[in-house]
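Contents: one structure, followed by commentary.
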Amino acid sequence: MVKKQLYSLIGYEESVKTMEAGADHIGLVPMQNGGVPAHRVPLERVHRIFDECHRRGVVTVAIMLTNDPEEMLDLAPKVKPDILHIAGDGYAADEDFARRLQQVAPGTKLMQAVLVDDESAVERAKRYARYCDFILTDSGLAPDTGIGASGQTHDWSIDARIVKECGKPVIMAGGLGPDNVADAIRQCHPYGVDSLTKTSIKYEGGRMEKDIEKVREFCRNADAAAAEIG
0 MVKKQLYSLI GYEESVKTME AGADHIGLVP MQNGGVPAHR VPLERVHRIF
50 DECHRRGVVT VAIMLTNDPE EMLDLAPKVK PDILHIAGDG YAADEDFARR
100 LQQVAPGTKL MQAVLVDDES AVERAKRYAR YCDFILTDSG LAPDTGIGAS
150 GQTHDWSIDA RIVKECGKPV IMAGGLGPDN VADAIRQCHP YGVDSLTKTS
200 IKYEGGRMEK DIEKVREFCR NADAAAAEIG
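Counting in numbering that gives the first Met the number 0, the sequence shown runs from 0 upward without gaps.
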């Protein structure tokens with residue numbers, strides 16, 4: 000089975016519908032000093048969404064777009080995610096951060112985003128994998144969204160190498176949607192696949208919400224491809 004990770008949830012009802020459509024991981028941006036303001040979720044709603052995830056057996060992911068590790072370590076025990084995803088454009092996890100995360104939020108897994116811009120991404124992923132629990136490969140770099148949220152794909156042959164060589168579960172992101180997720184799975188055999196842009200409806204002012212039919216199609220196509228490759 001390939002895990003289906005859906006980003007970036009904002010509303011409670013939207014999150015429930017996304018889970019019902021087949022999501023295995025739900026990711027959101029808790030209120031912090033990073034990311035698009037319209038995407039940040041108040042902590043009270045984060046708890047409500049994450050409680051529902053746990054009730055349904057869905058993995059919770061807190062997306063960190065701040066570049067301040069102290070803010071991340073302050074948020075982690077308040078939010079208590081299953082996975083803390085570092086995706087900012089100016090900070091990457093190190094061994095000291097991984098150690099401190101376990102001190103303040105025992106049991107929280109650490110996921111580091113890797114910008115797949117060229118072959119150097121392989122060595123970066125392998126370095127992060129020494130102390131991170133998951134690697135997320137993604138496209139694009141912007142000051143408001145960090146690594147990812149570009150809607151663009153990248154060279155999947157690099158992802159395939161990262162999957163084979165890094166030694167940790169790899170979640171593929173970067174322009175994945177119902178139209179190409181099956182091909183990505185067939186080519187790279189990742190642990191999971193992630194979708195934001197191609198399964199979202201975007202509104203003026205930066206607000207967005209999941210297109211539930213596209214989420215359902217994304218999950219259905221991912222499951223079919225996973226079954227195909229065994």
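The beta-carbon is built from N, C-alpha and C at its ideal position, and this holds for glycine as well.
Bear in mind that the values here come from a model prediction, so they are computed numbers and not experimental data.
Close CB contacts of ALA97 within its chain, under the 8 Å cut and outside five residues either way in sequence, are with LEU109, TYR130, CYS131 (chain order).
Using a Cβ distance threshold of 8 Å, VAL78 and LEU42 count as a contacting pair.
Beta-bridge analysis with DSSP links LYS201 to MET207. In the pairwise beta carbon analysis, the segment 114 to 130 is classified as not touching the segment 180 to 188: fewer than three pairs are separated by under 8 Å. Non-local C-beta neighbours of ALA226 in its own chain, meaning closer than 6 Å and more than five positions away in sequence, are absent. By the Cβ criterion, the segment 0 to 17 is in contact with the segment 191 to 198, since at least three pairs of Cβ atoms, one from each stretch, lie closer than 8 Å. By the Cβ-count criterion, PRO29 is buried, with 16 or more other Cβ atoms from all chains shown falling within 10 Å of its own Cβ. Spatial neighbours of ALA172 in its own chain (CB-CB distance under 7 Å, excluding positions within 5 residues in sequence) are listed in chain order as LEU135, THR136, ASP137, GLY147, ASP193. In the DSSP annotation of this structure, the continuous segment of the alpha helix (DSSP H) that includes LYS163 starts and ends at 155 to 164. The shortest C-alpha to C-alpha distance from CYS218 to any of THR107, THR17, GLU12, TYR11 is the one to THR17. By the Cβ rule, the segment 98 to 107 counts as touching the segment 68 to 88, because three or more pairs are nearer than 8 Å. Counting C-beta atoms within 10 angstroms of its own C-beta, PRO76 has fewer than 16 neighbours from the protein chains shown and is therefore classed as exposed. Comparing C-alpha distances from ILE25 to each of PRO36, GLN31, ILE62 shows the shortest one belongs to ILE62. Minimum Cα-Cα distance from ARG44 among the listed residues GLY174, VAL15, ASP23 corresponds to VAL15. Around the Cβ of HIS84, a 10 Å sphere holds 16 or more other Cβ atoms; the residue is buried. Residues of the same chain with a CB within less than 6 Å of the CB of ALA181, apart from the 5 flanking positions on each side, are ASN220, ALA224 in chain order. Shown here, HIS53 sits in a helix according to DSSP, grouped into three states.
Beta-bridge annotation (DSSP): LEU5 is paired with ILE25, SER194. The three-state secondary structure of LEU114, taken from DSSP, is strand. Taking C-beta atoms under 8 Å as the contact rule, THR59 and PHE49 qualify, at a distance of about 5 Å. Between LEU27 and LYS209, the CB-CB gap reaches or exceeds 8 Å. Per DSSP, the beta-bridge partners of ILE82 are VAL60, LYS108. Per the C-alpha coordinates, the member of ASP158, TRP155, ALA92, CYS52 positioned closest to ALA22 is CYS52.
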